[in-house]
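> For the sequence shown, the numbering used here gives the first residue as 822, with consecutive numbering after it.
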Amino acid sequence: MTAGGEAHRFHLGGFEGPLDLLLHLVRVNELDIRDLPIADLARQYDAYLAMMRELNLEIAGDYLVMAATLVHIKSRTLLPQELVAGEEGESAADPRTELVLQLLEHQRYKQAAENLQAMDSVRSLIWTREGGVPDEFAGEEMLAVDLFDLLTAFRKLLGRLDEEAKLKLVRDDVSVADKMAWLADLLDRDGFLRFADLLQALPARIERIATFLALLEMMRLQMVVCLQSRQLGEIRIVRREGVAPALENETS
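See the structure below:
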């Protein structure tokens, strides 16, 4: 996969961090944040890191620190109680406590930020043209989709689509920049795109990965917004109002 002759390297700095990934896992698995199943959480966290590496996403050091932290907490929970008890013989502290406190604080921060970005504000980013909200979205309260919602949907779709297209091959010269221009053209023509239909239309894994990276880049540049009407629901992609494409300058 190429972008201007080199492998496209996507930086996560403008998106979420490791605490956001953990909160995402808590949310989609409907876990009690105060009683985390660390072994399952660590396994799923590692699976996401593996997916991010395959997509050539640049994983910051704090993601790896969190992975090591989860392993450390998991190892402490497996030790006999008497080995981790204090010198005075008091009951050992729950090794998950510090992480739980960090997650609760980060969760409060995110909820406060989300309250500041009420749905009216989200709508105003994309539906300010004459005519108002398109019929496709009428009567729906759309929720903004984050990076890990997209990764979750992409992992599921990629696995299913790969099974359906094992024999389809393309040359390994797919450009992320070209896919950004292609997505912009589709949005200009159709108004919005369904994430699942978009991947379904592509013939091979490398094209799906390039398109996913193109979508992330367009989100980072605030060219598009991804929305869903409910948690884990269908994801739809809409162009942000008033944002000029400027693809050549941003992707060169």
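C-beta: ideal position from N, C-alpha, C; glycine also.
#1: According to the neighbour-count rule (16 or more other Cβ atoms, all chains shown, within 10 Å of its Cβ), is Val-977 buried or exposed?
#2: Can you give the Cα-Cα distance for Leu-972 and Glu-879, rounded to whole angstroms?
#3: Contact defined as beta carbons within less than 8 Å: I believe Ala-1031 pairs with Val-1059. What is the distance between those atoms, to the nearest angstrom?
#4: What's the C-alpha gap between Glu-909 and Ala-860?
#5: Find out if the Cβ-Cβ distance for the pair Leu-862, Leu-846 is shorter than 7 Å.
#6: For Arg-1051, does the count of other Cβ atoms within 10 angstroms reach 16, so buried, or fall short, so exposed?
#7: Please report how far the alpha carbon of Ala-1022 lies from the alpha carbon of Glu-1028, in whole angstroms.
#8: Once the 5 residues before and after Pro-858 are set aside, which same chain residues still bring their CB inside 8 Å of it?
#9: Using DSSP with H/G/I as helix, E/B as strand and the rest coil, what is Glu-1028?
#10: Can you tell me whether Ile-1056 is helix, strand or coil according to DSSP?
#11: Find the nearest neighbour of Gln-923 within the set Arg-874, Tyr-869 and Met-887, judged by alpha-carbon distance.
#12: Just the Cα atoms here: how many angstroms apart are Asp-1009 and Leu-1019?
#13: Please report the distance separating the alpha-carbon of Arg-1057 from that of Gln-1049.
#14: Ordered along the chain, which non-local residues of its own chain (more than five positions away) have a Cβ less than 7 Å from that of Met-1039?
#15: Could you pull out every residue in the same chain whose Cβ sits closer than 7 Å to the Cβ of Val-921, ignoring the five residues on either side in sequence?
Here's the rundown:
#1: The question names Val, but residue 977 in the sequence shown is Lys. Only exposed fits Lys-977, as fewer than 16 other CB atoms lie within 10 angstroms of its CB.
#2: Looking at the two C-alpha atoms, the distance is approximately 14 Å.
#3: About 21 Å; that fails the 8 Å criterion.
#4: Residue confidence is low: Glu-909 scores 46 on pLDDT, short of 50, so the model does not pin down where it sits. Its coordinate-derived value is still stated next. One C-alpha to the other measures close to 29 Å.
#5: Yes. Within cutoff.
#6: With fewer than 16 other beta carbons inside 10 angstroms of its own, Arg-1051 counts as exposed.
#7: The alpha-carbon atoms of Ala-1022 and Glu-1028 are separated by roughly 10 Å.
#8: Closer than 8 Å at Cβ, skipping near neighbours: Leu-852.
#9: Glu-1028: helix per DSSP, three-state reduction.
#10: DSSP places Ile-1056 in coil when its eight states are reduced to three.
#11: Ranking Arg-874, Tyr-869 and Met-887 by CA distance to the CA of Gln-923 puts Met-887 first.
#12: C-alpha separation (whole angstroms): 15 Å.
#13: Approximately 6 Å, taken between the alpha carbons.
#14: For Met-1039, where only same-chain residues beyond five positions count, the Cβ hits under 7 Å are Met-1001, Leu-1004 and Val-1045.
#15: Only Ile-854, Arg-855 and Leu-857 meet the Cβ criterion.
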